[in-house]
(Lines of atoms letter the chains of each structure in order from A; the text may use other names.)
(Lines give C-alpha, C1' and ligand atoms only; values in the text may rest on other atoms or scores of the structure.)
Protein backbone atom coordinates (compact mmCIF):
# COMPACT_ATOMS: atom_id res chain seq x y z
CA UNK A 223 0.00 0.00 0.00
CA UNK A 224 3.03 2.27 0.33
CA UNK A 225 3.21 2.31 -3.49
CA UNK A 226 -0.27 3.82 -3.64
CA UNK A 227 0.64 6.53 -1.11
CA UNK A 228 3.73 7.40 -3.18
CA UNK A 229 1.59 7.49 -6.33
CA UNK A 230 -0.85 9.94 -4.74
CA UNK A 231 2.02 12.13 -3.57
CA UNK A 232 3.50 12.23 -7.07
CA UNK A 233 0.08 12.98 -8.58
CA UNK A 234 -0.34 15.89 -6.18
CA UNK A 235 3.13 17.23 -7.07
CA UNK A 236 2.30 17.10 -10.79
CA UNK A 237 -1.10 18.71 -10.20
CA UNK A 238 0.50 21.61 -8.30
CA UNK A 239 3.09 22.08 -11.06
CA UNK A 240 0.44 22.11 -13.78
CA UNK A 241 -1.78 24.49 -11.80
CA UNK A 242 1.16 26.84 -11.29
CA UNK A 243 1.93 26.74 -15.01
CA UNK A 244 -1.70 27.45 -15.97
CA UNK A 245 -1.88 30.33 -13.49
CA UNK A 246 1.28 31.91 -14.89
CA UNK A 247 -0.04 31.40 -18.42
CA UNK A 248 -3.27 33.14 -17.45
CA UNK A 249 -1.33 36.05 -15.94
CA UNK A 250 0.62 36.41 -19.18
CA UNK A 251 -2.62 36.47 -21.18
CA UNK A 252 -4.06 39.21 -18.97
CA UNK A 253 -0.82 41.20 -19.27
CA UNK A 254 -1.04 40.92 -23.06
CA UNK A 255 -4.59 42.26 -22.95
CA UNK A 256 -3.48 45.17 -20.77
CA UNK A 257 -0.68 45.95 -23.26
CA UNK A 258 -3.10 45.88 -26.18
CA UNK A 259 -5.48 48.09 -24.23
CA UNK A 260 -2.67 50.57 -23.56
CA UNK A 261 -1.70 50.56 -27.24
CA UNK A 262 -5.29 51.38 -28.16
CA UNK A 263 -5.74 54.01 -25.49
CA UNK A 264 -4.18 56.73 -27.65
CA UNK A 265 -7.02 56.60 -30.15
CA UNK A 266 -9.64 55.35 -27.67
CA UNK A 267 -10.45 52.40 -29.91
CA UNK A 268 -10.98 48.87 -28.66
CA UNK A 269 -11.43 46.34 -31.41
CA UNK A 270 -14.16 43.72 -31.32
CA UNK A 271 -11.48 41.02 -31.31
CA UNK A 272 -9.88 42.50 -28.19
CA UNK A 273 -13.24 42.60 -26.39
CA UNK A 274 -13.86 38.93 -27.21
CA UNK A 275 -10.38 38.03 -26.00
CA UNK A 276 -10.96 39.86 -22.71
CA UNK A 277 -14.27 38.07 -22.17
CA UNK A 278 -12.67 34.68 -22.85
CA UNK A 279 -9.67 35.13 -20.56
CA UNK A 280 -11.54 36.83 -17.74
CA UNK A 281 -14.38 34.34 -18.09
CA UNK A 282 -11.94 31.48 -17.57
CA UNK A 283 -10.36 33.31 -14.66
CA UNK A 284 -13.64 33.84 -12.81
CA UNK A 285 -15.54 30.77 -13.95
CA UNK A 286 -15.53 29.15 -10.52
CA UNK A 287 -16.73 32.35 -8.83
CA UNK A 288 -19.99 32.82 -10.75
CA UNK A 289 -22.15 31.09 -8.15
CA UNK A 290 -24.06 33.30 -5.69
CA UNK A 291 -22.17 33.81 -2.46
CA UNK A 292 -23.82 32.65 0.73
CA UNK A 293 -24.18 35.20 3.50
CA UNK A 294 -22.49 33.72 6.59
CA UNK A 295 -24.85 33.03 9.44
CA UNK A 296 -24.25 34.02 13.04
CA UNK A 297 -23.30 30.42 13.79
CA UNK A 298 -20.60 30.48 11.13
CA UNK A 299 -18.85 33.32 12.96
CA UNK A 300 -18.38 31.22 16.11
CA UNK A 301 -15.14 29.27 15.81
CA UNK A 302 -13.57 26.71 18.10
CA UNK A 303 -10.26 28.63 18.21
CA UNK A 304 -12.14 31.63 19.59
CA UNK A 305 -13.85 29.49 22.21
CA UNK A 306 -10.44 28.25 23.36
CA UNK A 307 -8.73 31.63 23.00
CA UNK A 308 -7.79 31.81 26.69
CA UNK A 309 -5.67 28.66 26.39
CA UNK A 310 -2.12 28.54 25.09
CA UNK A 311 -1.63 26.78 21.74
CA UNK A 312 -0.18 23.65 23.32
CA UNK A 313 -2.94 23.54 25.93
CA UNK A 314 -5.61 23.90 23.23
CA UNK A 315 -4.34 20.86 21.38
CA UNK A 316 -3.99 18.79 24.55
CA UNK A 317 -7.53 19.71 25.62
CA UNK A 318 -9.08 18.89 22.23
CA UNK A 319 -7.03 15.69 21.89
CA UNK A 320 -8.12 14.50 25.34
CA UNK A 321 -11.78 15.30 24.63
CA UNK A 322 -11.91 13.36 21.36
CA UNK A 323 -9.79 10.48 22.64
CA UNK A 324 -12.45 9.95 25.30
CA UNK A 325 -15.29 10.57 22.84
CA UNK A 326 -14.08 7.97 20.36
CA UNK A 327 -12.93 5.31 22.81
CA UNK A 328 -14.58 1.90 22.50
CA UNK A 329 -18.09 1.42 23.87
CA UNK A 330 -18.04 0.16 27.44
CA UNK A 331 -21.10 -1.98 26.81
CA UNK A 332 -21.34 -4.82 24.30
CA UNK A 333 -24.43 -5.15 22.11
CA UNK A 334 -25.49 -8.05 24.34
CA UNK A 335 -28.21 -10.48 23.36
CA UNK A 336 -29.84 -8.62 20.49
CA UNK A 337 -31.01 -11.61 18.46
CA UNK A 338 -34.57 -11.16 19.69
CA UNK A 339 -34.64 -7.71 18.10
CA UNK A 340 -32.49 -8.07 14.99
CA UNK A 341 -34.42 -11.15 13.91
CA UNK A 342 -37.45 -8.88 13.45
CA UNK A 343 -35.68 -6.74 10.89
CA UNK A 344 -36.73 -6.93 7.26
CA UNK A 345 -34.41 -8.96 5.06
CA UNK A 346 -33.05 -8.51 1.55
CA UNK A 347 -34.52 -10.93 -0.98
CA UNK A 348 -32.20 -13.27 -2.84
CA UNK A 349 -32.41 -11.41 -6.16
CA UNK A 350 -31.26 -8.14 -4.59
CA UNK A 351 -28.62 -9.96 -2.56
CA UNK A 352 -27.18 -11.64 -5.66
CA UNK A 353 -27.13 -8.32 -7.53
CA UNK A 354 -25.30 -6.62 -4.65
CA UNK A 355 -22.77 -9.41 -4.26
CA UNK A 356 -21.32 -9.19 -7.78
CA UNK A 357 -17.70 -8.12 -8.15
CA UNK A 358 -16.87 -4.44 -8.36
CA UNK A 359 -16.04 -3.12 -11.83
CA UNK A 360 -14.52 -0.02 -13.38
CA UNK A 361 -18.06 1.07 -14.29
CA UNK A 362 -18.96 1.13 -10.58
CA UNK A 363 -15.98 3.35 -9.83
CA UNK A 364 -16.56 5.66 -12.78
CA UNK A 365 -20.17 6.20 -11.69
CA UNK A 366 -19.06 6.78 -8.09
CA UNK A 367 -16.38 9.29 -9.11
CA UNK A 368 -18.90 11.29 -11.12
CA UNK A 369 -21.20 11.41 -8.06
CA UNK A 370 -18.59 13.19 -5.94
CA UNK A 371 -19.90 16.60 -4.89
CA UNK A 372 -18.15 19.62 -6.36
CA UNK A 373 -16.71 22.59 -4.48
CA UNK A 374 -16.04 20.55 -1.34
CA UNK A 375 -12.95 20.79 0.82
CA UNK A 376 -10.53 17.95 0.07
CA UNK A 377 -9.18 15.62 2.71
CA UNK A 378 -5.62 15.33 3.95
CA UNK A 379 -4.17 14.48 0.52
CA UNK A 380 -5.47 17.74 -1.02
CA UNK A 381 -6.87 16.03 -4.15
CA UNK A 382 -10.30 17.45 -4.98
CA UNK A 383 -13.33 15.68 -6.41
CA UNK A 384 -13.02 17.81 -9.56
CA UNK A 385 -9.50 16.45 -10.08
CA UNK A 386 -10.73 12.85 -9.90
CA UNK A 387 -13.58 13.65 -12.29
CA UNK A 388 -11.23 15.32 -14.77
CA UNK A 389 -9.14 12.13 -14.98
CA UNK A 390 -11.93 9.65 -14.28
CA UNK A 391 -10.80 7.20 -16.97
CA UNK A 392 -7.48 6.79 -15.16
CA UNK A 393 -8.78 6.81 -11.60
CA UNK A 394 -11.54 4.24 -12.22
CA UNK A 395 -8.79 1.69 -12.89
CA UNK A 396 -6.52 2.82 -10.06
CA UNK A 397 -9.30 2.80 -7.44
CA UNK A 398 -10.62 -0.60 -8.51
CA UNK A 399 -7.11 -1.99 -8.04
CA UNK A 400 -6.78 -0.20 -4.69
CA UNK A 401 -10.08 -1.59 -3.38
CA UNK A 402 -9.40 -5.17 -4.45
CA UNK A 403 -5.89 -5.00 -3.00
CA UNK A 404 -7.22 -3.53 0.26
CA UNK A 405 -9.90 -6.21 0.54
CA UNK A 406 -7.20 -8.87 0.21
CA UNK A 407 -5.08 -7.20 2.91
CA UNK A 408 -8.10 -6.21 5.06
CA UNK A 409 -6.81 -2.66 5.38
CA UNK A 410 -6.88 0.61 3.46
CA UNK A 411 -3.80 2.81 3.06
CA UNK A 412 -3.15 5.20 5.94
CA UNK A 413 -4.32 8.26 3.99
CA UNK A 414 -7.72 6.61 3.45
CA UNK A 415 -8.00 5.75 7.13
CA UNK A 416 -7.15 9.28 8.25
CA UNK A 417 -9.78 12.00 8.47
CA UNK A 418 -9.44 15.69 9.29
CA UNK A 419 -12.15 16.87 11.70
CA UNK A 420 -13.51 20.38 11.33
CA UNK A 421 -15.57 21.59 14.30
CA UNK A 422 -18.81 23.40 13.40
CA UNK A 423 -20.68 25.30 16.10
CA UNK A 424 -24.24 24.02 16.73
CA UNK A 425 -25.87 25.88 19.61
CA UNK A 426 -25.51 26.51 23.32
CA UNK A 427 -22.45 27.76 25.15
CA UNK A 428 -19.74 28.40 22.52
CA UNK A 429 -17.09 27.87 25.21
CA UNK A 430 -18.12 24.20 25.49
CA UNK A 431 -16.42 21.93 22.97
CA UNK A 432 -19.40 19.57 23.20
CA UNK A 433 -21.49 22.17 21.36
CA UNK A 434 -19.48 21.74 18.17
CA UNK A 435 -20.38 19.18 15.51
CA UNK A 436 -17.35 17.17 14.30
CA UNK A 437 -17.41 16.95 10.49
CA UNK A 438 -14.83 14.56 9.08
CA UNK A 439 -13.11 15.60 5.85
CA UNK A 440 -12.46 12.32 4.05
CA UNK A 441 -10.18 11.95 1.06
CA UNK A 442 -11.94 11.71 -2.30
CA UNK A 443 -10.67 8.19 -3.00
CA UNK A 444 -12.18 7.04 0.31
CA UNK A 445 -15.49 8.66 -0.67
CA UNK A 446 -15.49 6.85 -4.01
CA UNK A 447 -15.22 3.44 -2.31
CA UNK A 448 -17.99 4.41 0.12
CA UNK A 449 -20.24 5.55 -2.75
CA UNK A 450 -19.70 2.23 -4.54
CA UNK A 451 -21.01 0.38 -1.47
CA UNK A 452 -23.83 2.88 -0.94
CA UNK A 453 -25.02 2.55 -4.55
CA UNK A 454 -25.30 -1.22 -4.14
CA UNK A 455 -27.21 -0.86 -0.87
CA UNK A 456 -29.70 1.76 -2.06
CA UNK A 457 -31.68 -0.68 -4.21
CA UNK A 458 -32.80 -2.54 -1.08
CA UNK A 459 -33.16 0.31 1.42
CA UNK A 460 -36.87 1.10 0.72
CA UNK A 461 -37.73 -2.56 1.38
CA UNK A 462 -35.70 -2.74 4.60
CA UNK A 463 -36.58 0.51 6.35
CA UNK A 464 -40.06 1.13 7.76
CA UNK A 465 -42.23 3.90 6.31
CA UNK A 466 -41.68 6.00 9.44
CA UNK A 467 -38.09 6.78 8.35
CA UNK A 468 -37.75 9.21 5.43
CA UNK A 469 -34.07 10.23 5.49
CA UNK A 470 -32.06 8.86 2.55
CA UNK A 471 -34.82 6.48 1.48
CA UNK A 472 -35.69 6.78 -2.24
CA UNK A 473 -39.28 7.86 -2.81
CA UNK A 474 -39.64 9.45 0.62
CA UNK A 475 -39.27 13.04 1.71
CA UNK A 476 -39.04 15.22 4.79
CA UNK A 477 -42.44 16.54 3.70
CA UNK A 478 -43.86 13.15 4.76
CA UNK A 479 -42.70 13.96 8.29
CA UNK A 480 -44.39 17.35 8.15
CA UNK A 481 -47.62 15.76 6.91
CA UNK A 482 -47.47 13.23 9.74
CA UNK A 483 -47.20 15.99 12.34
CA UNK A 484 -49.91 18.07 10.68
CA UNK A 485 -52.37 15.15 10.64
CA UNK A 486 -51.42 14.10 14.15
CA UNK A 487 -52.10 17.60 15.49
CA UNK A 488 -55.41 17.93 13.63
CA UNK A 489 -56.78 14.44 14.35
CA UNK A 490 -55.66 13.68 17.89
CA UNK A 491 -58.17 14.95 20.45
CA UNK A 492 -56.21 13.78 23.47
CA UNK A 493 -52.71 12.54 24.07
CA UNK A 494 -49.26 13.91 23.35
CA UNK A 495 -46.59 14.19 20.71
CA UNK A 496 -43.11 13.32 21.90
CA UNK A 497 -40.06 14.73 20.14
CA UNK A 498 -36.81 12.77 20.47
CA UNK A 499 -33.42 14.13 19.48
CA UNK A 500 -30.51 11.85 20.34
CA UNK A 501 -27.23 13.38 21.47
CA UNK A 502 -24.11 12.79 19.34
CA UNK A 503 -25.84 9.80 17.81
CA UNK A 504 -23.43 9.28 14.90
CA UNK A 505 -20.44 9.31 17.24
CA UNK A 506 -21.89 6.77 19.67
CA UNK A 507 -22.95 3.92 17.38
CA UNK A 508 -21.53 0.58 18.43
CA UNK A 509 -19.92 -0.77 15.27
CA UNK A 510 -20.32 -4.42 16.21
CA UNK A 511 -24.04 -3.75 16.64
CA UNK A 512 -24.10 -2.13 13.19
CA UNK A 513 -22.38 -5.11 11.57
CA UNK A 514 -24.88 -7.43 13.28
CA UNK A 515 -27.77 -5.40 11.81
CA UNK A 516 -26.26 -5.62 8.32
CA UNK A 517 -25.89 -9.37 8.68
CA UNK A 518 -29.44 -9.77 10.03
CA UNK A 519 -30.82 -7.84 7.05
CA UNK A 520 -29.06 -10.35 4.79
CA UNK A 521 -26.60 -7.94 3.19
CA UNK A 522 -24.06 -9.94 1.14
CA UNK A 523 -20.47 -10.48 2.29
CA UNK A 524 -18.95 -7.95 -0.15
CA UNK A 525 -21.01 -5.09 1.31
CA UNK A 526 -20.26 -5.92 4.94
CA UNK A 527 -16.58 -6.45 4.15
CA UNK A 528 -16.27 -3.09 2.39
CA UNK A 529 -17.97 -1.28 5.28
CA UNK A 530 -15.65 -2.94 7.79
CA UNK A 531 -12.74 -1.97 5.54
CA UNK A 532 -13.87 1.67 5.59
CA UNK A 533 -14.00 1.74 9.40
CA UNK A 534 -11.11 -0.52 10.34
CA UNK A 535 -8.18 1.19 12.14
CA UNK A 536 -9.47 4.73 11.56
CA UNK A 537 -7.73 7.77 13.00
CA UNK A 538 -8.68 11.45 12.96
CA UNK A 539 -6.76 14.69 13.31
CA UNK A 540 -8.76 17.59 14.74
CA UNK A 541 -8.31 21.04 13.23
CA UNK A 542 -8.24 23.88 15.77
CA UNK A 543 -7.82 27.09 13.80
CA UNK A 544 -4.45 26.71 12.07
CA UNK A 545 -3.36 24.00 14.51
CA UNK A 546 -3.72 20.23 14.19
CA UNK A 547 -3.82 17.62 16.94
CA UNK A 548 -1.82 14.43 16.78
CA UNK A 549 -3.77 11.41 15.40
CA UNK A 550 -6.61 10.03 17.53
CA UNK A 551 -7.87 6.45 17.25
CA UNK A 552 -11.58 6.15 16.43
CA UNK A 553 -13.01 2.97 17.95
CA UNK A 554 -16.73 3.68 17.69
CA UNK A 555 -19.26 5.69 15.74
CA UNK A 556 -19.62 6.59 12.08
CA UNK A 557 -18.22 9.70 10.42
CA UNK A 558 -20.34 12.73 9.66
CA UNK A 559 -18.99 13.62 6.24
CA UNK A 560 -18.82 10.01 5.05
CA UNK A 561 -21.12 9.38 2.01
CA UNK A 562 -22.33 6.10 3.52
CA UNK A 563 -22.85 7.38 7.09
CA UNK A 564 -26.52 8.32 6.75
CA UNK A 565 -27.41 4.88 5.34
CA UNK A 566 -25.55 3.11 8.13
CA UNK A 567 -27.34 5.26 10.69
CA UNK A 568 -30.88 4.52 9.52
CA UNK A 569 -30.00 0.81 9.43
CA UNK A 570 -28.68 0.92 13.00
CA UNK A 571 -31.65 2.95 14.24
CA UNK A 572 -34.24 0.70 12.58
CA UNK A 573 -34.46 -1.64 15.58
CA UNK A 574 -35.20 1.20 17.99
CA UNK A 575 -37.78 2.96 15.82
CA UNK A 576 -39.46 -0.28 14.76
CA UNK A 577 -39.78 -1.45 18.35
CA UNK A 578 -41.06 1.96 19.48
CA UNK A 579 -43.63 1.99 16.68
CA UNK A 580 -44.77 -1.60 17.37
CA UNK A 581 -45.20 -0.92 21.08
CA UNK A 582 -47.26 2.19 20.40
CA UNK A 583 -49.48 0.12 18.10
CA UNK A 584 -50.78 -1.75 21.15
CA UNK A 585 -52.16 1.50 22.59
CA UNK A 586 -54.32 3.10 19.89
CA UNK A 587 -54.94 3.46 16.16
CA UNK A 588 -52.42 5.43 14.15
CA UNK A 589 -53.10 9.16 13.64
CA UNK A 590 -52.25 9.38 9.96
CA UNK A 591 -54.49 7.89 7.28
CA UNK A 592 -51.66 7.38 4.78
CA UNK A 593 -49.86 5.10 7.25
CA UNK A 594 -52.57 3.79 9.62
CA UNK A 595 -50.13 1.54 11.47
CA UNK A 596 -47.54 4.24 12.04
CA UNK A 597 -47.18 6.03 15.34
CA UNK A 598 -43.69 7.34 14.69
CA UNK A 599 -42.12 9.67 12.16
CA UNK A 600 -38.35 9.99 11.80
CA UNK A 601 -35.91 11.96 9.71
CA UNK A 602 -32.51 10.51 10.59
CA UNK A 603 -32.24 10.96 14.38
CA UNK A 604 -35.10 13.48 14.70
CA UNK A 605 -38.04 11.32 15.83
CA UNK A 606 -41.64 12.18 16.70
CA UNK A 607 -44.08 9.75 18.32
CA UNK A 608 -47.72 10.14 19.25
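Numbering (the numbering used here), first residue to last: 223 to 608. A virtual CB, placed ideally from N, CA and C, is assigned to each residue, including glycine.
Notebook entry, point to check: Are at least three pairs of beta-carbons, each pair with one atom in the segment 455–468 and one in the segment 542–554, less than 8 Å apart?
Noted result: no
Item checked: the segment 427–442 touching the segment 376–383, judged by at least three CB pairs closer than 8 Å -> yes
Next item on the list: Give, in chain order, every unbroken run of the alpha helix (DSSP H) that is at least 4 residues long and sits entirely within the segment 314–343.
Entry: 337–340
Notebook entry, point to check: Does the Cβ-Cβ distance between residue 437 and residue 559 come in under 7 Å?
Noted result: yes
Item checked: Residues of its chain near residue 324, where Cβ-Cβ distance is below 6 Å and the 5 sequence neighbours each way are ignored -> none
Next item on the list: Have a look at residue 601 and residue 236 and give me their C-alpha separation to the nearest angstrom.
Entry: 44 Å
Note to self: Quick check: the Cα distance between residue 396 and residue 487, rounded to an integer number of angstroms?
What the structure shows: 54 Å
Note to self: Taking the alpha carbon of residue 449 as the reference point, which residue from 461, 416 and 361 has its own alpha carbon closest?
What the structure shows: 361
Margin query: If I follow the unbroken alpha helix (DSSP H) through residue 513, where does it start and stop?
Written below: 509–518
Check: Less than 7 Å separating the beta-carbons of residue 613 and residue 388?
Finding: Nothing about residue 613 can be read from this structure; the chain reaches only from 223 to 608.
Notebook entry, point to check: Would the segment 491–510 and the segment 420–431 be scored as touching if the rule is three or more Cβ pairs under 8 Å?
Noted result: no
Notebook entry, point to check: Do you know offhand how far residue 287's Cα is from residue 372's?
Noted result: Bear in mind that the predicted position of residue 287 carries a pLDDT of just 45, short of 50, making it too unreliable to give a figure here.
Margin query: Looking at residue 471: is its Cβ nearer than 7 Å to the Cβ of residue 366?
Written below: no
Next item on the list: Note down the Cα distance separating residue 526 from residue 483, rounded to an integer number of angstroms.
Entry: 36 Å
Note to self: In the DSSP output, what is residue 435 paired with across the bridge?
What the structure shows: 422
Check: Are the segment 403–419 and the segment 339–357 touching, with three or more C-beta to C-beta distances below 8 Å?
Finding: no
Notebook entry, point to check: Based on Cα-Cα distance, which residue from 540, 545 and 406 lies nearest to residue 319?
Noted result: 540
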